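Asks:
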Amino acid sequence: MSPQLFSSSLISPAVQAHLPEGYLIRPLEMADYHKGYFDCLAGLTVVGSVSEEQFQQTFESMLRCQNVYYIVVIEDQKASRVVATGTLVVEQKFLRGCAKAGHIEDIVVHDSQRGKKFGIRLIDQLRYLGTAIGCYKLLLTCSETNEPFYQKSGFERKDLHMAQYINHPLPPPQQQQQQQTLPHSQPIPVPVPVPKRLPLPRLETLHCPQLVNSPP
Ligand SMILES: CC(C)(COP(=O)(O)OP(=O)(O)OC[C@H]1O[C@@H](n2cnc3c(N)ncnc32)[C@H](O)[C@@H]1OP(=O)(O)O)[C@@H](O)C(=O)NCCC(=O)NCCS
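Here our numbering runs 286 ahead of the position in the sequence shown, where the first position is 1.
#1: Under three-state DSSP, which class holds Thr-331?
#2: Please confirm whether Ala-369 and Glu-361 have their CB atoms less than 8 Å apart.
#3: Please determine if the stretch 341-352 and the stretch 392-411 are in contact, where contact requires at least 3 C-beta pairs separated by less than 8 Å.
#4: For ligand 1, which residues count as neighbours when the test is a C-beta closer than 6 Å to any heavy atom?
#5: From Ser-366, Ile-393, Thr-427, Thr-331, pick the residue whose C-alpha is nearest to that of Gln-411; which is it?
#6: On the criterion of 16 or more Cβ atoms from any shown chain inside 10 Å, does Ile-452 qualify as buried, or is it exposed?
#7: If you drop the 5 nearest sequence neighbours on each side, which residues of the same chain put their C-beta closer than 6 Å to that of Gln-464?
#8: What three-state label does DSSP hand Ile-393 in the structure shown?
#9: Ala-387: buried (16+ other C-beta within 10 angstroms of its C-beta) or exposed?
#10: For Ser-293, count neighbouring C-beta atoms within 10 Å of its own C-beta (all shown protein chains included) and say buried if the count is 16 or more, exposed if not.
#11: Whole beta strand (DSSP E) runs in the stretch 351-382 with 3 or more residues, listed along the chain?
#12: Going by DSSP, what residues sit across from Thr-427 in a beta bridge?
#13: Taking its Cβ as the centre, do 16 or more other Cβ atoms sit within 10 Å of Phe-380, making it buried, or is it exposed?
#14: For Cys-494, is the classification buried or exposed, using 16 other Cβ atoms within 10 angstroms of its Cβ as the cut-off for buried?
#15: Three or more C-beta pairs closer than 8 Å, one from the stretch 401-409 and one from the stretch 302-313: is that the case here?
#16: Just list the residues that DSSP pairs Gly-388 with in beta bridges.
#17: To the nearest angstrom, how far is it from the Cα of Glu-430 to the Cα of Tyr-436?
#18: Measuring CA to CA, which of Lys-364, Leu-296, Ile-419, Gln-352 is closest to Ala-504?
#19: Ala-300 to Arg-407, Cα distance in whole Å?
#20: So Tyr-412 is in the alpha helix (DSSP H); what residue range does that whole segment cover?
#21: I'd like the list of long-range same chain contacts for Glu-315, defined as Cβ closer than 6 Å, with 5 residues on each side in sequence excluded.
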């Protein structure tokens, strides 16, 4: 079986029960590289070109950060295709007695499959995960056009979201790994050019928190 990013025991049976027949909600798997995961993600933003090796290295590095990355997919089992995906990133804090906050990211439903409540099911699943893991709040940012969708999932507008994009290329993953394994006595080469100050992107995203207070 293809490695999964987290335990499938954290998938909500109720969310699965609400999906149409032939669709499975589950953790991201290594094999999803060949099941259209990137086609699905491309409905959200620029994906860039990611080789299978890069995908596997990134998957493995997420696996090593235990209890942080939870990427969920919905698969059309007949077609063996990923039709929807969403991510929960768990942030460990010192605040509030070492509490955890959940960040919802990269929610996308393949454009051929929208309007079937897959978006809502993804959010339900990520809330289930956040509750099971013990997050005290869930946060996300979105465009004004998606605000009604998130409101239907129980989120509300709060505060202001700000962003600054940093324009320097990172070394390829292999080089990054070599840098991390250098002995402490050696200076770590950091090939970072002085970042150019970029015009700030338009602040058109909303910041939508949700308090999580019910057990799964
Ligand atoms: C936003 C998105 C995830 C919604 O997924 P979906 O599966 O089509 O949405 P659902 O079928 O679960 O919709 C649930 C409800 O939200 C409503 N809804 C969905 N998107 C909406 C939008 N953009 N504006 C207003 N209402 C919306 C639906 O009409 C539905 O309402 P209902 O319960 O009254 O019938 C999907 O359109 C998408 O992938 N968009 C492109 C990527 C993107 O923008 N992602 C969000 C990043 S923050």
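Every residue, glycine too, gets a C-beta built ideally from N, C-alpha and C.
It should be emphasised that the depicted structure is a prediction, and the values quoted were computed from it without experimental measurement.
Replies: Short version:
#1: coil
#2: According to the sequence as given, residue 369 is Val; it is not Ala. It is a contact, given that the beta carbons lie within the stated cut-off.
#3: no
#4: Gly-329, Leu-330, Ile-393, Val-394, Val-395, Arg-400, Gly-401, Lys-402, Lys-403, Phe-404, Gly-405, Ile-406, Cys-428, Thr-431, Asn-432, Pro-434, Phe-435, Lys-438
#5: Ile-393
#6: exposed
#7: Residue placement at Gln-464 is flagged as unreliable, the pLDDT there being 49, under the threshold of 50; a coordinate-derived value is accordingly withheld.
#8: strand
#9: buried
#10: exposed
#11: 355-362, 367-378
#12: His-493
#13: exposed
#14: buried
#15: yes
#16: Val-376, Leu-424
#17: 10 Å
#18: Summary: the structure shown does not reach residue 504, with the chain confined to residues 287 through 502, and so no result is reported for it.
#19: 10 Å
#20: The displayed chain sequence assigns Leu, not Tyr, to residue 412. Unbroken alpha helix (DSSP H) run through Leu-412: 404-419.
#21: Ser-288, Gln-290
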